[in-house]
Amino acid sequence: MKKTDVDGRITIFRGTPQDVGIKYATINKTEILNRNNLWLTDCFKHGFRETDLIDRSAQYVAVAQEITPWLLEEAKAIAGVLEVPSTLFISSVALQKLTANMDVLSSDDECTSIIAVGNATKNGESILHKNRDNNIGVQSVYEKEIIYKGKALNRFIGTSYVYDFGTNAFINDKGIAGAVNAGE
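Under the working numbering, think of the first position of the sequence shown as 105, with each following residue one higher.
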């Protein structure tokens, strides 16, 4: 990693979806492959085939193509570094949060998001917090800015499990914060 890639605290991902995907996968290849392989093994153990997984993720892919096409391009770049089929990798990204009943993901995996605003805080500031209650895994904190078709998208600081290149909690450069609870 070049010195300019880190600001002293977090990794910075900035560039096209392909640039960001390649860099993210290069740094996190082992962890992403380990988790993805565990998940796929569990799916196959439960009788799913690769085509089943790809078919089940078709609606996700259609929606992502319409509203966040750069996410799919980033996923394809990650799959290239991992040397796995992009359609299967994208299906695993789409479906992993929805299969908590499978052995690999069936710990008491829960998360709690807390929002406090106005009089609920000492100085009236807004606070957003996300707590991972039960599942221990390698997580990352990063800054990301995607340049898509020559336009910079909202830059944000995010956190997530390393195998999930999306974000579980974030705050963007406009001051908007959010947290994702999968709701299994």
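All C-beta atoms in this analysis are idealised placements derived from N, C-alpha and C, irrespective of residue type, glycine included.
Task: Coil, strand or helix - GLU249 by DSSP - done: To locate residue 249, count along the sequence shown from 1; it is residue 145. It is a strand residue.
- [ ] Look at the Cβ atom of TYR252, then the Cβ atom of ARG139, and state whether they are nearer than 8 Å.
- [x] Stepping through the sequence shown from its first residue, residue 252 is reached at position 148. Stepping through the sequence shown from its first residue, residue 139 is reached at position 35. No; because the gap between Cβ atoms is not below 8 Å, this pair is not in contact.
Task: Distance, ASN223 Cα to THR191 Cα - done: For this step, residue 191 is matched to residue 87 along the sequence shown. For this step, residue 223 is matched to residue 119 along the sequence shown. Taking the straight line joining both Cα atoms gives about 48 Å.
Open item on the list: What does the Cβ neighbour count give for LYS278, buried or exposed, with the cut at 16 atoms within 10 Å?
Closed with: Numbered from 1 along the sequence shown, position 174 holds the residue referred to as residue 278. When all chains shown are included, LYS278 counts as exposed.
Task: Three-state secondary structure assigned by DSSP to THR115 - done: By one-based count along the sequence shown, residue 115 stands at place 11. Strand.
Open item on the list: For LEU232, list the residues DSSP reports as bridge partners.
Closed with: Here the question's residue 232 lines up with position 128 in the sequence shown. According to DSSP, which records beta bridges pairwise, LEU232 is partnered with ILE219.
Task: Same chain only: Cβ atoms within 8 Å of ILE126, ignoring 5 sequence neighbours per side - done: Here the question's residue 126 lines up with position 22 in the sequence shown. Excluding positions up to five away in sequence, the list reads ALA181, ILE182, GLY184 and VAL185.
Task: CB contact flag (PRO121, ILE250, <8 Å) - done: Along the sequence shown, read from residue 1 onward, the residue named residue 121 stands at position 17. Along the sequence shown, read from residue 1 onward, the residue named residue 250 stands at position 146. Going by C-beta atoms, PRO121 is nearer than 8 Å to ILE250.
Task: Spatial distance of PRO147 from ASN141 (CA atoms) - done: By 1-based counting over the sequence shown, the position of residue 147 is 43. By 1-based counting over the sequence shown, the position of residue 141 is 37. At residue 147 the sequence reads Cys, which differs from the Pro that was named. Going by the C-alpha atoms only, they are around 10 Å apart.
- [ ] Rank SER195, TYR265 and TRP174 by C-alpha distance to the C-alpha of SER161 and give the top, closest one.
- [x] Residue 161 sits at position 57 when you count from the first residue of the sequence shown. Residue SER195 is the option with its Cα nearest to SER161.
Task: CA nearest to the CA of ALA129, picked from HIS233, VAL284, VAL188 and GLY228 - done: For the purposes of this step, residue 129 is taken as the residue at position 25 of the sequence shown. With distances taken between Cα atoms, ALA129 lies closest to VAL188.
- [ ] For the beta strand (DSSP E) containing ALA283, list its first residue and its last residue.
- [x] Residue mapping note: residue 283 aligns to position 179 of the sequence shown, counting from 1. From DSSP, the beta strand (DSSP E) with ALA283 extends over 281 to 283.
Task: Nearest-angstrom Cα separation, counted from ALA220 out to ARG153 - done: Translated into the one-based positions of the sequence shown, residue 153 becomes position 49. Translated into the one-based positions of the sequence shown, residue 220 becomes position 116. Each residue's alpha carbon lies about 44 Å from the other.
Open item on the list: Tell me the residue span of the alpha helix (DSSP H) that contains PHE193.
Closed with: Taking the first residue of the sequence shown as position 1, residue 193 is located at position 89. Taken as a continuous stretch (DSSP letters only), the alpha helix (DSSP H) holding PHE193 covers 190 to 199.
Open item on the list: Please report the distance separating the alpha-carbon of THR172 from that of GLN200.
Closed with: By 1-based counting over the sequence shown, the position of residue 172 is 68. By 1-based counting over the sequence shown, the position of residue 200 is 96. In a straight line, the C-alpha of THR172 is about 19 Å away from that of GLN200.
Task: Beta bridge counterpart(s) of GLY262 as assigned by DSSP - done: Here the question's residue 262 lines up with position 158 in the sequence shown. Beta-bridge pairing links GLY262 to TYR246 and PHE274.
- [ ] Determine the direct distance from the alpha carbon of ILE231 to that of TYR246, and round the result to whole angstroms.
- [x] Counting from 1 along the sequence shown, the entry for residue 246 is found at position 142. Counting from 1 along the sequence shown, the entry for residue 231 is found at position 127. Their backbone Cα atoms lie some 19 Å apart in a straight line.
Open item on the list: Distance check for ILE218 and ASP156, CA to CA, integer angstroms please.
Closed with: Your numbering for residue 156 matches position 52 in the sequence shown. Your numbering for residue 218 matches position 114 in the sequence shown. Rounded to the nearest angstrom, the two C-alpha atoms are 36 Å apart.
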